[in-house]
Amino acid sequence: MMRLDRTELCLIAAAVVLAAGGLIAPGWLVFLLTMAFAKALVVQGVVMQMRAGLVSFGQGLFYCVGGYAVGMGGHFFGLTDLAVLLSAGVLAAMLLAMVLGLLLTRYRDIFFAMLSLAFSMILFGVLVKSPQLGSTDGFNVVSWTLFGWSPGKDAAPTTLLAVTLAASLAVALLLYRYVQAGVGVLCEAVRENEVRVEYLGLSPRWLLYSNYVAAAAVSALGGGLTALAAGHIDPEMAYWTTSGEFVFIALLGGTGHVAAPFLAALVFAVVRTYAIEFVPHSWQMILGFTLLGVIVFLPKGLWSLFSRAKAKGAAAS
Amino acid sequence: MTHTVSVTRKTLRRLSLTMAASALALAAVAPAQAAENGKFRLGIVTFLSGGAAGPFGVPSANAAKVVIDQLNAGALPAPYATKGINGAEIEMVLIDENGGATKQVEEFRNLVQRQKVDAVVGYISSGDCLAVSPVAEELGAMTVFYDCGTSRLFVENKAPKFVFRTGLDAAVDNIGAARYLAATRPNTTRYAGVQQNYSWGQDSWADFTAAMKQTLPKADAVESQMPKLFQGQYGAEISAVSVKRPEIVHSSLWGGDMEAFVLQASARGLLDDATAILTCGESALERYQGQAPNGTIVGARGPFGAFAPQNALNTWFTGVYQNAYQMAPTYPASKMAQAILGLKHAAEKAAKAPGEVPAPAAIAAAFKGANFESVSGTVQMSRADGHQALQGISYGEYHFDAKTKKAELKNVKSFSGSCVTPPDGTEAQDWIKAGFPGAKCE
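So the protein sequences, as listed, match chains A and B.
Under full-length UniProt numbering, the residue at position 220 of the first sequence is numbered 220, and the numbers go up by one with no gaps.
Under full-length UniProt numbering, the residue at position 395 of the second sequence is numbered 395, and the numbers go up by one with no gaps.
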């Protein structure tokens, strides 16, 4: 029997509370939560790489692959099962990441950022040039089933929220263990001093490679869930501004804790939707000021609000 | 000193924690403003930022504002003289369309479920329309698309109930353009195209070339250029088109791209020898100021803007718009006014008592197949099972008088709706390739 520590129990409790809340929440809030958590999964992919010192400005690539796998699976292969569609997206993203990773893990810093961006823009370009896939207009995703059960239009949003929360919880628990395990700690070591890791007899490149592939899988899962929730996909998913949004949310939350991206995605979604409602002409400014505020006052992201005790200890030493 | 700093830090941290918490709390509590205040809450969605805001979004939002103000004042000519919608004051909720289809789905749900709007009018981007349409049907929310032109809208939404479109299918623009050329320039043998490389441009070119094969079978497409959206610089494309010496240059470019292209193409002499036919050209009618060569053919995606007929509603609309914004309304503005008037017509037809805000299903039932008066003349909702407007299209030549600094349209030709619109259940491309079976042209 696997023993769970306090953080893990907290994560499970949070997921259960949110899922229960989903049953009584108004429709728009259920949708907002679903989208926020699906996006947070993509952000987890960005954060995984940030912990290893790499900023991916092209995580939209895997987000888009996950989304298009769901859309195309339904449209061209008649697949409707949610689990099959999501797995197809994850698998496709991992295969792609295994190929691209060979090249990308040779690069660091801005070179990695730009090259990852370039690959996602190539996918964008290919999709725009494909009229059979609806070009820039994209296409609608067929309605999904869950192990043969087809939820009606009333049950679908809540069910999808539950599925998204379950997926988020599974990813959060896995990542929590991953961060503490040898390979997770080594990712931070690579960020701090790559040469030293090599002297320890380890290969930073293969560490980064496996981390890159794992991050791609997590992001594709987020993309697939987004496509199922929104019911529509378009090449915008691979556009660089979408990837930029994921980096934005990653910075907002910080890399301090596995729950930080979820919190940040939630805050981002709430701030954005109310900014759009109250200042329709300049909502982007509100988002900009929010990020600016976080950078200035909370350089380690929103999560540093919760790790105050630690910060105090560090200040004293 | 350090003490002060740490206190400030602590306060700030607490402050931001409170702010984050209250933001989340607000999200959970705020939905309370139901439309139980007796007003008609109307969601308006159009581009307020990004490249489509200047030429389309902002004129549309401006038109919505001025029309709603006038409606609330009861200042419209017949048959729209009742205050607001059926006597209920209209409350506008304005939302930015920028940010992609996924976000628009989220904001549409927020409009309907949180803001409790009674109807939504909006959407310029075809991708947004395609994404929003199934959600509108799912939520049972009365939705009027005023501008997006995709032919796929009612192909994907086969049995529409709550989704209506008062604007025209984009295929109409290009069939109309081909018919205009056949009527005014029957000796054309060489034509070229410059389109933005995205759905709109690709579809426009496919429809136009297919229609030209029918209306002017002797003409050849000698060149097609697809610069990317918002490219702004068209030197290479203009050179590539120039060397092929076309007589006609077709372009579905819009907004700043279209204006930049016209400016650069006329400076480089392309438009000395060739005539441009611009399907979205009318939106810059007041802005060319002679920079487009005289004789350039422009369209307005229907009988809108400068092509709108003379009637009491159009005179009223042009007057109030001009008063408020010191310029004549362009076609996106007319189309927005048309969508709001259509909605008002349907809601009033559905209402049983004055002051009542009818349910979406009742408005939809009244809207289906309706004939209503608009700034562009009478609109028949007679396609897609009564959910799609059928109207004609006009093209004309731009002429600028340097003395009076006024632009005017000459050689205007209009084609009736049934002459340029595919019948129900037929995809535009199939209809064009089959030689427009059943088209009735005067």
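Even glycine gets a Cβ: it sits at the ideal position worked out from N, Cα and C.
If you're wondering where the values come from, they're calculated on a predicted model, not measured in any experiment.
- Of all alpha-carbon atoms in 300/A, 243/A, 304/A, the one lying nearest the alpha-carbon of residue 117/A is that of 243/A.
- Taking residue 146/A as the centre and dropping the five residues before and after it, the same chain places the C-beta of 81, 82, 83, 159, 163 closer than 8 Å to its C-beta, in chain order.
- Comparing alpha carbon positions, the residue from 188/B, 227/B, 150/B closest to residue 203/B is 150/B.
- When the beta-carbon positions are compared, residue 85/B and residue 76/B stay at least 9 Å from each other.
- Counting only the Cα atoms, residue 283/A lies some 28 Å from residue 338/B.
- No Cβ-Cβ contact shorter than 9 Å links residue 251/A with residue 271/A.
- Under DSSP, residue 220/B takes part in a beta bridge, and its partners are 190/B.
- Beta bridge pairing from DSSP links residue 410/B with 397/B.
- For residue 214/B, the secondary structure class from DSSP, reduced to helix, strand or coil, is helix.
- Per DSSP, reduced to three states, the secondary structure at residue 119/A is helical.
- For residue 203/B, the closest Cβ of chain A is nearer than 9 Å.
- Within the region 309-337 of chain B, complete alpha helix (DSSP H) segments of at least 4 residues are found at 312-325, given in chain order.
- Residues of chain A with a Cβ closer than 7 Å to the Cβ of residue 134/B are, in chain order, 140, 231.
- Chain B places no beta carbon closer than 9 Å to that of residue 78/A, leaving this residue out of the contacts.
- Interface residue (Cβ-Cβ distance to chain B less than 9 Å): residue 192/A is not classified as such.
- Looking at the DSSP output, residue 415/B shares a beta bridge with 393/B.
- Sixteen is the threshold: when 16 or more other Cβ atoms of the shown chains lie within 10 Å of the Cβ of residue 329/B, as they do, the residue is buried.
- Taken in chain order, the complete alpha helix (DSSP H) segments of 4 or more residues contained in the region 263-303 of chain B are 270-273.
- In this chain, the beta strand (DSSP E) harbouring residue 383/B covers 377-383.
- Residue 37/B and residue 93/B have their C-alpha atoms roughly 15 Å apart.
- Residue 257/A is outside the set of residues whose beta carbon lies under 9 Å from a beta carbon in chain B.
- Taking 9 Å as the cut-off, the beta carbon of residue 122/B is found closer than this to the beta carbon of residue 95/B.
- The alpha helix (DSSP H) runs of length 4 or more contained entirely in the region 102-156 of chain B are, from start to end of the chain, 126-139, 153-156.
- Proximity of residue 128/A to chain B, defined by a Cβ-Cβ separation below 9 Å, is satisfied.
- DSSP places residue 302/A in the helix class (H, G or I) of the three-state scheme.
- Around the beta carbon of residue 149/A, a 10 Å sphere encloses fewer than 16 other beta carbons of the protein chains shown; the residue is thus reported as exposed.
- Around the Cβ of residue 44/B, a 10 Å sphere holds 16 or more other Cβ atoms; the residue is buried.
- Distance from the CA of residue 141/B to the CA of residue 27/A, rounded to the nearest whole angstrom, comes to 13 Å.
- Per the C-alpha coordinates, the member of 132/B, 423/B, 362/B, 344/B positioned closest to residue 371/B is 344/B.
- Boundaries of the alpha helix (DSSP H) harbouring residue 7/A: 6-24, taken from the DSSP string.
- Approximately 7 Å separates the beta-carbon atoms of residue 167/A and residue 225/A; this is inside 8 Å, confirming the contact.
- When only Cα atoms are considered, residue 52/B and residue 324/B end up about 21 Å apart.
- Identification of chain B residues near residue 281/A by a Cβ-Cβ cut-off of 7 Å yields 48, ordered along the chain.
- Chain B has no Cβ within less than 9 Å of the Cβ of residue 8/A.
- Cβ contact annotation for residue 216/B (same chain, cutoff 6 Å, sequence separation greater than five): 182, 188, in chain order.
- Sorting 36/A, 12/A, 186/A by C-alpha distance to the C-alpha of residue 102/B places 36/A at the top.
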